[in-house]
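Chains as they are written, first to last, in our numbering: chain A, 56 to 483; chain B, 1188 to 1358. All C-beta atoms, glycine included, are put in the ideal place defined by N, C-alpha and C. This one's a predicted model, so the numbers in the text were calculated from it and none came from an experiment. Structure first, then comments.
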Amino acid sequence: MESLQPISGLWLLITMSLKVTIIFGLVVLVVAYSTLAERRVSAWIQDRRGPNRVGPFGLLQPVADGIKNLLKEETLPSTASRAFFVLAPMFVLVPSLVTFAVIPIAAPLPTPVGVVDMIIADVPIGILYVLAFSSLAVYGVVLGGWASNNKYAFLGGLRASAQMVSYEVALGLSLITVLMMSGNVTLTEVVWQQQQLGMWFAFPLSLAFILFVISAFAETNRLPFDMPEAESELVTGYHTEYSAMKFSAFMISEFGHMVTASALMATLFLGGWDLPGTWDDAFWHEGQLIKGFSQDGVAVLANPAWWKTVLTFCGFAAKTSFFMLLYIWIRWTLPRFRYDQVMALGWKVMLPTALAYAMLIGSVILVLDEVGIRWGFSYGLALTAVSGAATAGFIFFLDRGRTIIGAAGQSRQKVSISGISQPATAGD
Amino acid sequence: MIEVLFYVFAAVALGGALGVVWAKSPVGSLLFMVATLGSLAGIFVLLEAHFLAAIQVIVYAGAIMVLFLFVIMLLNLGHDYQRDLKGGAFALLSFVVVGLMAGVLARQVGRDSIPELAAGGQAIDAALEQHGVVGAIAQPLYTTYVVPFEITGILLLVAIVGALVLAKKGS
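Structure, rendered in structure tokens:
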């Protein structure tokens, strides 16, 4: 008989070490293969073949890249500040890899010695831990740019920090609605409340979802927000002077941030490891692993199983991969913003929208609670209706009559060139 | 284990604080400051004040120190101004402040146990049990102390508006 108690003692130590090793190894593996995925997907989008020489389908390309970067000569610019130049790649690498520790990746796994939670550290501050470490990532970027003593690198570093600080505000404010819904900051509880609601937060909080995705793109410095490494203006921005494994560290951290941000978006808005239906619901409530509450408020015990853990992990992996693919897809589809457009979008559109939306959702939650609607599907539907209206308004405002009205609208927007002063012709 | 971790964090915090003073370049000072703030956050975690630890890193290390870094880099300090803060009067003042601090600390260390602290610890445990890590701070902040909290907010707003007005004056 499998025990349904939380694991403890020596077994806790053993499972913990295993979890850390396996999850960390998995993240690094995913990072390595996402570099290959990016090149293959971009090739696919551009009707090329992409790297396909090393191993079957090019699957050993990340290994070849790793060996190449280890063996290449490392250059140290003579005018660079040596200590900071070496420190900067470490400062970007560590935050991008440790944030994964608080993200639950599957349903709890029952073993003969107790139930193992599929999360490295279920810290009580959950999402704040992620925010804390991602706010430290900016140091590596700025220091790398500054220590290189190269004006393009420096400009890239400054742009990166301004952009990351600006979009952190919108990111945090769009998170507030999720925290209001879940009533706690731990990611296990965020997943649990989505299971209880009967729908993923992407529907009742659709506008927050959109704002969060946009901010996450800006936070990870990916196109269309890759101003810090805009190659047509800044060579490659803050890592211009870096070579070999130090350059590789910047790349790994960029992809590490992408993996973490994708997993975070999947957890916050697509239910994390939750799969549709209530068969996989599980949450620690007063020392018991429960599945939900009956009508009169009595806890119903969950029955975890290893196949549920495997299936939910596959669900989580699929959701995370979807966002990874979205990152790559958008990078090879959209052109880059101008820098002033990035700042205007961040401060004049995202920030006010996120604030107004937090107010709106707060009031709707208050009204629903006052009316006495139970936390469940109808609660979610009411919020979905309100959020859908807000999202439609937001998209209509951003669109400014270009895509939604379509070609008919385009023909009305005649471009007047009479205002542009023509250069005087010679001889007048 | 916790005791060992405490000494590690305390050593890093003290070393970082010394580094802030001794570092040759302002950017070095700043990074030592970040190390100090980070290990203070670690000590907060050891005290089970998780929320304070997170806020310490997000606000101080992640936001305020980044602004410091910005200012240092934009002004390109650290070439001609190194002597400025090391004048005689300043040294005297810092010795007086440090002496006073050491006195207060020595007085507390000398006492065997502090009943107020023990009672406070029990109250905090009860609040943590009832409201959770974030709620234990949020509950008093938005109920008992909501007026001082709002006034602080207004004070910060006034400071921001004032800074903007001063910055706009020149142009």
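Would you call F1196 of chain B buried or exposed, if buried means 16 or more other Cβ atoms sit within 10 Å of its Cβ? Within the second sequence, the letter at position 9 stands for residue 1196 of chain B. So F1196 of chain B ends up on the buried side.
CA-CA distance, L325 of chain A and N276 of chain A? The sequence position of residue 325 of chain A within the first sequence is 270, counting from 1. The sequence position of residue 276 of chain A within the first sequence is 221, counting from 1. Going from the Cα of L325 of chain A to the Cα of N276 of chain A covers about 23 angstroms.
Relative to the C-alpha of A92 of chain A, which residue among A:Y382, A:D424 and A:L356 is closest? Position 37 of the first sequence, counted from the start, is the residue given in the question as residue 92 of chain A. Among A:Y382, A:D424 and A:L356, the Cα nearest to that of A92 of chain A is on A:Y382.
Under 7 angstroms between C-beta atoms, does Y308 of chain A make it to chain B? As a first step, residue 308 of chain A must be located in the first sequence, where it is residue number 253. The sequence shown places Ser at residue 308 of chain A, not Tyr. With 7 angstroms as the cut-off, S308 of chain A does not count as an interface residue toward chain B.
Against chain A, which members of the stretch 1224-1248 of chain B pass a CB distance test of less than 7 angstroms? H1237, F1238, A1241, V1244, I1245 and A1248
Determine the DSSP secondary structure at L344 of chain A, reduced to helix, strand or coil. Walking along the first sequence from the start, residue 344 of chain A turns up at place 289. Residue state, collapsed to three classes: strand.
Out of A:A271, A:S72, A:W255 and A:V422, point me to the one whose CA is closest to A156 of chain A's CA. Within the first sequence, the letter at position 101 stands for residue 156 of chain A. Looking at the Cα atoms, A:S72 is the closest of the given residues.
Are the CB atoms of A318 of chain A and S270 of chain A nearer to each other than 7 angstroms? The residue you call residue 318 of chain A lines up with position 263 of the first sequence. The residue you call residue 270 of chain A lines up with position 215 of the first sequence. Not closer than 7 angstroms, so no.
Taking 7 angstroms as the cut-off, decide whether the C-beta atoms of R214 of chain A and M282 of chain A are in contact. Taking the first sequence and counting its residues from 1, one reaches residue 214 of chain A at position 159. Taking the first sequence and counting its residues from 1, one reaches residue 282 of chain A at position 227. Yes, the pair counts as a contact, with Cβ atoms nearer than the cut-off.
Taking C-alpha atoms, which residue in A:L400, A:S349, A:I420 and A:T375 lies nearest to F452 of chain A? As a first step, residue 452 of chain A must be located in the first sequence, where it is residue number 397. F452 of chain A has its Cα closest to that of A:L400, out of A:L400, A:S349, A:I420 and A:T375.
Residues in the stretch 1204-1219 of chain B having any Cβ partner in chain A nearer than 8 angstroms: S1212, V1214, G1215 and L1218
How is G169 of chain A classed by DSSP in three states: helix, strand or coil? The residue given as residue 169 of chain A occupies position 114 in the first sequence. In the structure shown, G169 of chain A sits in a strand (DSSP, three-state: E or B).
Determine the DSSP secondary structure at E392 of chain A, reduced to helix, strand or coil. Looking up residue 392 of chain A in the first sequence gives position 337. Note that residue 392 of chain A is Phe in the sequence shown, not Glu. F392 of chain A falls in the coil class under three-state DSSP.
Environment of Q101 of chain A [buried if 16+ CB atoms lie within 10 Å]: As a position in the first sequence, residue 101 of chain A is number 46, starting the count at 1. Under this definition Q101 of chain A is an exposed residue.
Touching by the beta-carbon criterion (3+ pairs, under 8 angstroms), the stretch 130-147 of chain A and the stretch 174-185 of chain A: no
Is F256 of chain A helix, strand or coil when you go by DSSP? The residue you call residue 256 of chain A lines up with position 201 of the first sequence. It is coil, neither helix nor strand.
Coil, strand or helix - V83 of chain A by DSSP: On the first sequence, position 28 is the one that residue 83 of chain A refers to. Three-state DSSP puts V83 of chain A in a helix.
Excluding the five sequence neighbours on either side, which residues of its own chain have a C-beta within less than 7 angstroms of the C-beta of S442 of chain A, listed in chain order? Residue numbering aside, residue 442 of chain A sits at position 387 when the first sequence is read from its first letter. So the list reads P259, L260, S261 and L262, once near-sequence residues are dropped.
Who are the Cβ neighbours of L194 of chain A in its own chain at under 7 angstroms, not counting the five residues just before and after it? As a first step, residue 194 of chain A is located in the first sequence; it is residue number 139 there, counting from the start. In the sequence under discussion, the amino acid at residue 194 of chain A is Tyr, which differs from the Leu named in the question. Closer than 7 angstroms at Cβ, skipping near neighbours: F146.
With distance defined between alpha-carbon atoms, name the residue in B:L1218, B:F1336, B:G1286 and B:V1285 nearest to F1365 of chain B. In the structure as shown, chain B starts at 1188 and stops at 1358, and residue 1365 of chain B therefore has no counterpart that could be examined.
Are any of the Cβ atoms in chain B nearer than 7 angstroms to that of L278 of chain A? Your numbering for residue 278 of chain A matches position 223 in the first sequence. False, the Cβ-Cβ gap to chain B never drops below 7 angstroms.
Would you call the stretch 1232-1240 of chain B and the stretch 1199-1210 of chain B in contact, with 3 or more CB pairs under 8 angstroms? no
Is DSSP giving A1310 of chain B helix, strand or coil here? Residue 1310 of chain B sits at position 123 when you count from the first residue of the second sequence. Three-state result, A1310 of chain B: helix.
Please specify which runs of the alpha helix (DSSP H), each continuous and at least 4 residues long, are wholly inside the stretch 283-342 of chain A, giving them in chain order. 286-289 and 299-324
Outcome for D424 of chain A when other beta-carbon atoms lying within 10 angstroms are tallied against a minimum of 16: In the first sequence, the residue the question calls residue 424 of chain A occupies position 369. Exposed, because fewer than 16 other Cβ atoms sit within 10 Å of the Cβ of D424 of chain A.
What residue range is occupied by the uninterrupted beta strand (DSSP E) comprising L356 of chain A? Counted from its first residue, the first sequence places residue 356 of chain A at position 301. That run of the beta strand (DSSP E) goes A354 to L356.
Name the chain A residues whose beta carbon is nearer than 7 angstroms to that of G1349 of chain B? By one-based count along the second sequence, residue 1349 of chain B stands at place 162. Those within 7 angstroms of G1349 of chain B in chain A number zero; the least Cβ separation is about 20 angstroms.
Mind listing which residues of the stretch 251-284 of chain A have their C-beta closer than 8 angstroms to chain B's C-betas, in chain order? none
So the alpha helix (DSSP H) K384 of chain A belongs to, where does it begin and stop? For the purposes of this step, residue 384 of chain A is taken as residue 329 along the first sequence, with counting starting at 1. Checking the displayed sequence, the identity of residue 384 of chain A turns out to be Trp instead of Lys. Its alpha helix (DSSP H) spans residues W361 to R386.
Apart from the five residues on each side of it in sequence, which residues of its chain come closer than 6 angstroms, Cβ to Cβ, to Q248 of chain A? Taking the first sequence and counting its residues from 1, the one referred to as residue 248 of chain A is at position 193. Closer than 6 angstroms at Cβ, skipping near neighbours: S237.
With distances taken between CB atoms, is the gap from G212 of chain A to G200 of chain A smaller than 7 angstroms? To locate residue 212 of chain A, count along the first sequence from 1; it is residue 157. To locate residue 200 of chain A, count along the first sequence from 1; it is residue 145. Yes, they are a contact pair.
Can you give me the Cβ contacts of I1189 of chain B inside the same chain, cut-off strictly under 7 angstroms, excluding the 5 residues immediately before and after it? Counting from one through the second sequence, the residue named residue 1189 of chain B turns up at place 2. So the qualifying residues of the chain are L1233.
Residue-chain proximity (M56 of chain A, chain B), Cβ-Cβ < 7 angstroms: Stepping through the first sequence from its first residue, residue 56 of chain A is reached at position 1. Reliability fails at M56 of chain A, whose pLDDT of 43 lies under 50, so the model's placement of it is uncertain and no value is given.
Just the C-alpha distance for T241 of chain A and G417 of chain A, rounded to the nearest angstrom, thanks. Counting from 1 along the first sequence, the entry for residue 241 of chain A is found at position 186. Counting from 1 along the first sequence, the entry for residue 417 of chain A is found at position 362. Each residue's alpha carbon lies about 20 angstroms from the other.
Look at the alpha carbon of P61 of chain A and the alpha carbon of G342 of chain A, and state the distance between them as a whole number of angstroms. By 1-based counting over the first sequence, the position of residue 61 of chain A is 6. By 1-based counting over the first sequence, the position of residue 342 of chain A is 287. Answer to the nearest angstrom: the Cα atoms are 8 angstroms apart.
Which of the three DSSP states is assigned to P111 of chain A in this structure? Position 56 of the first sequence, counted from the first residue, corresponds to residue 111 of chain A. P111 of chain A: helix per DSSP, three-state reduction.
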